[in-house]
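Trainee: My questions all concern the structure below.
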Amino acid sequence: DKNEIEDETLTLADVARKAMNQVKNCVKTLLMKKGMEEAEADRIADTLTQGRWTHDYPITVEEAREIGLPISTDMPVEIDMLMNLFPQPYQKRPSVQYVPIPYKSGRGERKPISERLEIHL
1337 DKNEIEDETL
1347 TLADVARKAM
1357 NQVKNCVKTL
1367 LMKKGMEEAE
1377 ADRIADTLTQ
1387 GRWTHDYPIT
1397 VEEAREIGLP
1407 ISTDMPVEID
1417 MLMNLFPQPY
1427 QKRPSVQYVP
1437 IPYKSGRGER
1447 KPISERLEIH
1457 L
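Position 46 (the sequence shown) corresponds to 1382 in our numbering; numbering is contiguous.
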């Protein structure tokens, strides 16, 4: 029954829906700026933003081609040389901390959402 859903849950669902639409529109716009037809850009943007994968899933070249993205694996030697100038250090610590929702403090009361969600930029 929708009357039993907490207001906070409804608010989070609304924010999530809006965020997904924003990302889809951004992807579609980027594809169209690269010359893709609107219908194809809309289909690909929908595929990429419908929640098929988690945000940290690396889409393979084969998967990208199956989706319809114009993928090339050719990289100029100069780009490889440039990237070798800036090696990335290995980090053992995660860049995003997982905080389960709902998160309750030790006494059982709910913490404000601003304290439950951590975003590291």
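Positions of the beta carbon are idealized from the N, C-alpha and C atoms, including for glycine.
(1) Whether or not the stretch 1409-1416 and the stretch 1379-1387 are in contact is what I'm after, with contact meaning three or more pairs of Cβ atoms, one per stretch, closer than 8 Å; do they touch?
(2) Would you report the Cα separation of THR1409 and ILE1341, rounded to the nearest angstrom?
(3) Which of the three DSSP states is assigned to LEU1358 in this structure?
(4) Taking C-beta to C-beta, are ALA1381 and VAL1363 nearer than 7 Å?
(5) Using the Cα positions of LEU1497 and LYS1338, report the straight-line distance between them to the nearest angstrom.
Mentor: Considering the structure as presented:
(1) no
(2) Taking the sequence shown and counting its residues from 1, the one referred to as residue 1409 is at position 73. Taking the sequence shown and counting its residues from 1, the one referred to as residue 1341 is at position 5. Their Cα atoms are separated by approximately 48 Å.
(3) One-based indexing of the sequence shown puts residue 1358 at position 22. Before going on, a small fix: residue 1358 reads as Gln here, not Leu. Helix.
(4) Numbered from its first residue, the sequence shown carries residue 1381 at position 45. Numbered from its first residue, the sequence shown carries residue 1363 at position 27. Contact flag set, yes.
(5) Past the boundaries of the shown model lies residue 1497; the chain is included only from 1337 to 1457, so the question cannot be answered.
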